[in-house]
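Structure, as structure tokens:
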Amino acid sequence: MDIQKLLSQMTLQEKLGQLTQVNAVFFKPDNTADITGPVSLLGIEESDALYCGSTLNFIGAKDMKKIQDIAMAAQPHGIPLLFMQDVIHGYRTIYPIPLGMGCTFDEELVEECARMAGKEAAVSGVHVTFSPMLDLVRDARWGRVMESTGEDPFLNGRLGAAFVRGYQGDKLQGKYDIAACVKHFAAYGAPEAGRDYNAVELSEHTLRESYLPGYRACIDAGVEMIMPSFNTVGGVPSTCNRLLLDKILRREWAFDGIVISDYNAYREMVKHGVAEDDKHAAELAIGAGCDIEMMSATAYLHGEELLAEGRLTMEQIDRAVLRVLELKDRLGLFENPYRVANEQEEAELHLCPAHRALARRAAEEASVLLKNENVLPFSKNAKKIAVIGPFAKEKGIKGFWACAGRDEDCVTVLAGVRALLPDAEVASVKGCSWEIGETEVPELDEAIELASEADAVVLCLGEYQEHSGEGNSRATLTLSPAQMTLARAVLKHNKNTAAVIFGGRPLVLTDLAEIAPAMLYVWQPGTEGGNAVARLLFGDANPSGKLSMSFPYAEGQCPIYYSRMNTGRPVEDPKVVSKRPYRSRYLDAPVLPLYPFGHGLSYNTYTYDNFTVSDDKITPDTPLEIAVTVKNEGQYQGKETVQLYIHDKFASVARPLLELKDFVKLELAPGESAAVIFTLTEEDLRFHTLDGTFASERGEFEVFVGPNSDQLMGATVYLEK
Ligand code: NOJ
927 MDIQKLLSQM
937 TLQEKLGQLT
947 QVNAVFFKPD
957 NTADITGPVS
967 LLGIEESDAL
977 YCGSTLNFIG
987 AKDMKKIQDI
997 AMAAQPHGIP
1007 LLFMQDVIHG
1017 YRTIYPIPLG
1027 MGCTFDEELV
1037 EECARMAGKE
1047 AAVSGVHVTF
1057 SPMLDLVRDA
1067 RWGRVMESTG
1077 EDPFLNGRLG
1087 AAFVRGYQGD
1097 KLQGKYDIAA
1107 CVKHFAAYGA
1117 PEAGRDYNAV
1127 ELSEHTLRES
1137 YLPGYRACID
1147 AGVEMIMPSF
1157 NTVGGVPSTC
1167 NRLLLDKILR
1177 REWAFDGIVI
1187 SDYNAYREMV
1197 KHGVAEDDKH
1207 AAELAIGAGC
1217 DIEMMSATAY
1227 LHGEELLAEG
1237 RLTMEQIDRA
1247 VLRVLELKDR
1257 LGLFENPYRV
1267 ANEQEEAELH
1277 LCPAHRALAR
1287 RAAEEASVLL
1297 KNENVLPFSK
1307 NAKKIAVIGP
1317 FAKEKGIKGF
1327 WACAGRDEDC
1337 VTVLAGVRAL
1347 LPDAEVASVK
1357 GCSWEIGETE
1367 VPELDEAIEL
1377 ASEADAVVLC
1387 LGEYQEHSGE
1397 GNSRATLTLS
1407 PAQMTLARAV
1417 LKHNKNTAAV
1427 IFGGRPLVLT
1437 DLAEIAPAML
1447 YVWQPGTEGG
1457 NAVARLLFGD
1467 ANPSGKLSMS
1477 FPYAEGQCPI
1487 YYSRMNTGRP
1497 VEDPKVVSKR
1507 PYRSRYLDAP
1517 VLPLYPFGHG
1527 LSYNTYTYDN
1537 FTVSDDKITP
1547 DTPLEIAVTV
1557 KNEGQYQGKE
1567 TVQLYIHDKF
1577 ASVARPLLEL
1587 KDFVKLELAP
1597 GESAAVIFTL
1607 TEEDLRFHTL
1617 DGTFASERGE
1627 FEVFVGPNSD
1637 QLMGATVYLE
1647 K
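Per our numbering, the sequence shown starts with residue 927, numbered consecutively.
Rendered as structure tokens:
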């Protein structure tokens, strides 16, 4: 398609239409009521909606084709629509929430899952997914931590790039590849007080040092689109933030893909108080570098006046339209507007056995064994098994942002245990609801009776899928009084109990950890959740997940993360409550979280030996080799993620006590050992120095290797320059 020629033939209205995205409901052939509703809220007519260049929130190939037909017939040049959707952790077959995927520390698995999601989405007519979400998350109060891969810039970057490769393949060449959109640029994960959409205050140093690398890794991986965040950063909404969108994104990173606003974010700038009115909002957003406006029509309505008044230029509009048309062209939409949307393939692929198997494997690898005092794995010879708690029979375990996923497709824990052990007597009682703050346990007696008689008890606790996700911040992160009452009663009557905890964020589990001998955190595990949990509990699968986000000891520690600064007055032992005054301490909690970044147990013990560093000096020309031998001392096949950290002891700006620099996930048979050799270069030691350059500074560094951020062996090396 000759895009330039097409552009030259388009009217201004058509061009502005290409820069506007509306909900698919506006195009629904058989629903005029819907059309006149939301359309009028946008201030446009039904006929205008048909000019729009892209749409979101439709489900299925059949609808997609109808909508495409309607849109193309109305668009004067027959330009096809781009169909976008939030395919975040699966399309119909749902794998664990991204925070769980972060705990897999497995780039290949993430890539495979993204490819599977992309394929299911593509046959349903999706061209672009609003994923991956790469906001750095360090405050569990924020409900959207579930969408991120975690608290570490390096891990996020590696997994973010894997998501992009999975969706986009090799530059969208593959039949089922779809375009990816990294979001929410920038620092949406650091809202004040953990409250969604709230203001973000960060120095440019911290922004660049910690918050930007994840997005940047996706740009380097060739992501097609990026979405600015809703929030303000230093008082300026990202949607019109020239530092972010112009200076950093377009100039420093040379990103030439599409910038799409978040939902209604142009208009929300009026609420933020930085745009006088809708017209001004369009001027600010396009002026800063936005291309597509999602779910408002300020540019469409006011573009002509803004051009006439010299507040926008035709060059700006044309450049944005070109980007949209080029993506449509790269996706082959001008030749085949339906692309691979296909009802028959939908029926074949959605929830097919191969996809379910992958989702189950992902759910197994995402689960983190937080604690285990000789309880797990349960014996498969158990005759009587009790599955107790509000999540025992709960099908709502797919998690927020599950796209076309349905609760009814999900396998419950009870169903999973029954399927795995068909000859056992498996009984279940809910005990209480999962409501936040619930105090009543209506089925306490039944739960006690069941627990007392059982050989093994699976206690299913946690938070519901709608208690995290967009708009769902929490000020308390503990289990409800009812869930704790139930847990105490069950544990009093049967010590052979494992708590299986569902959550969209790290919950505060300090009280439960005091009484429960075993705790398996399964996040919102998705379609195959119950099967994965059963296999983990009874030893058909071996837990290997490692936390990609710290679990606070108490809410008051938030934000909390392993990569903290030392302060001038550190406590002697951050694991206990310090008694010394004038220290950086809490009077009622330790400094460290309950479970640190990187923590996660297995049914095996892995020993770390032969730690060696090739030299005590590192220079720009001579990298270091850091080696360790890891041995599986247990009886099970298992996976272990070996982590490499550094600490820059002295620099022009204070450096974190630890920074993850690499990791390797090993698979070891019982008795097997493997040597891991990390290479650390001078480039790995660079940071944003006091004068703003990205460079390393000579001096002492510590290098550490270990199974998590709290159990490390280390050595000191000197960087010579
Ligand atoms: C709002 C969310 O912030 C964003 O992540 C999502 O992609 C859009 N809505 C579209 O659904």
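Glycine residues also receive a C-beta, built at the ideal position from the N, C-alpha and C atoms.
If you're wondering where the values come from, they're calculated on a predicted model, not measured in any experiment.
- Taking 9 Å as the cut-off, the beta carbon of Y1488 is found no closer than this to the beta carbon of L1520.
- Per DSSP, E1566 is one residue of the beta strand (DSSP E) stretching across 1564-1574.
- Note on geometry: alpha-carbon atoms of I1362 and N1262 lie some 49 Å from one another.
- Per DSSP, D1588 is one residue of the beta strand (DSSP E) stretching across 1585-1594.
- Per DSSP, reduced to three states, the secondary structure at E1127 is coil, with no helix or strand assignment.
- Relative to the Cα of E1291, the nearest Cα in the group P1500, H1110, Q1450, V1503 belongs to Q1450.
- Comparing C-alpha distances from P1154 to each of P1079, G1183, L1385 shows the shortest one belongs to G1183.
- DSSP places K1045 within a helical segment (H, G or I) once states are collapsed to three.
- Counting only runs of at least 3 residues, the segment 1324-1357 fully encloses the following beta strand (DSSP E) elements, listed from N- to C-terminal order: 1351-1355.
- For L932, DSSP records no beta bridge to any residue.
- Between the segment 1071-1085 and the segment 1160-1167, the count of C-beta pairs closer than 8 Å stays below three; the two stretches do not touch.
- Residue pairing by DSSP puts K1310 in a beta bridge opposite E1351.
- Contact check for A1328 against G1016 passes: the beta carbons are separated by less than 9 Å.
- One residue after another in chain order, those with a Cβ under 7 Å from a heavy atom of the ligand NOJ are L982, N983, D1012, F1056, M1059, K1109, H1110, M1153, F1156, D1188, Y1189, M1220, E1396.
- A check of alpha carbon separations from A1641 across Q1563, G1560, E1551, E1209 identifies E1551 as the nearest.
- Around the beta carbon of S934, fewer than 16 other beta carbons sit within 10 angstroms, so the residue counts as exposed.
- Boundaries of the alpha helix (DSSP H) harbouring D995: 987-1000, taken from the DSSP string.
- DSSP, reduced to helix, strand and coil, places A1147 outside both helices and strands of the structure shown, so it counts as coil.
- Where L1296 is concerned, the enclosing beta strand (DSSP E) starts and stops at 1294-1298.
- Taking 4 residues as the shortest admissible run, the segment 1401-1452 contains the following complete alpha helix (DSSP H) segments, listed from N- to C-terminal end: 1407-1419, 1436-1441.
- When DSSP reads this structure, H1614 sits in a beta bridge with F1620.
- Less than 9 Å divides the Cβ of I1005 from the Cβ of Q944.
- Here the segment 1376-1391 lies against the segment 1411-1422, with 3 or more beta-carbon pairs under 8 Å apart.
- At a Cβ-Cβ threshold of 9 Å, V1590 and L1606 do not count as neighbours.
- R1249 has its alpha-carbon roughly 59 Å from the corresponding atom of S1305.
- The segment 1370-1383 makes contact with the segment 1305-1320, as at least three CB pairs between them are under 8 Å.
- Taken in chain order, the unbroken stretches of alpha helix (DSSP H) that lie wholly in the segment 1244-1300 and span 4 residues or more are 1269-1275, 1279-1292.
- T1030 sits in coil when the DSSP states are folded into three classes, being neither helix nor strand.
- Separation of the CB atoms of V1054 and I996 is rounded to 20 Å, and the pair is thereby denied contact status at 8 Å.
- Nearest neighbour of D1122 by Cα position, chosen from N1157, L1062, E1038, turns out to be N1157.
- Selection N1167, G1115, L1175 evaluated against C1144 yields L1175 as nearest (Cα-Cα).
- When beta bridges are read from the DSSP output, E1219 appears opposite T946.
- DSSP, read as helix, strand or coil, puts H1393 in helix.
- CA-to-CA, the gap between N1468 and V1301 works out to about 14 Å.
- Here the alpha carbon of V1126 sits roughly 18 Å from the alpha carbon of D1078.
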